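Participant: Residue numbers (the numbering used here): 9 to 98.
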């Protein structure tokens with residue numbers, strides 16, 4: 009593979025309380041299970057998705073659009089499963 013490869017996908021958060029403490033911990037723990045570097049973007053602000061304080065600091069609310077971006081050997085799986093986890097948050 010040549011050049012910079014990465015996988016990214018956008019999703020609108022539908023959880024009524026957004027990504028608050030409990031779902032943030034769940035997402036961070038899941039993100040930590042992948043070898044890839046993973047970022048979560050809200051607007052132009054991108055943070056390390058493996059850091060719970062940074063995820064909480066994004067203050068993601070219901071109907072906010074976020075982007076999950078991963079770069080590394082399991083990037084496709086990471087993005088696919090993290091997007092699924094966000095879509096399943098209630």
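Cβ coordinates follow ideal geometry from the N, Cα and C atoms, glycine included. Remember, predicted model here, so these are calculated numbers, not experimental data.
Find out if the Cβ-Cβ distance for the pair residue 98, residue 23 is shorter than 8 angstroms.
Facilitator: Taking the chain shown and counting its residues from 1, the one referred to as residue 98 is at position 90. Taking the chain shown and counting its residues from 1, the one referred to as residue 23 is at position 15. It is a contact, given that the beta carbons lie within the stated cut-off.
Participant: Can you tell me whether residue 92 is helix, strand or coil according to DSSP?
Facilitator: Along the chain shown, one-based indexing puts residue 92 at 84. Three-state result, residue 92: helix.
Participant: Could you tell me the boundaries of the alpha helix (DSSP H) in which residue 33 lies?
Facilitator: The residue given as residue 33 occupies position 25 in the chain shown. Start and end: 29–40.
Participant: List the endpoints of the continuous alpha helix (DSSP H) containing residue 64.
Facilitator: Looking up residue 64 in the chain shown gives position 56. Residues 60–65.
Participant: Just mark residue 52 as buried or exposed, buried being the case when its beta carbon has 16 or more other beta carbons within 10 Å.
Facilitator: Taking the first residue of the chain shown as position 1, residue 52 is located at position 44. With fewer than 16 other Cβ atoms within 10 Å, it is exposed.
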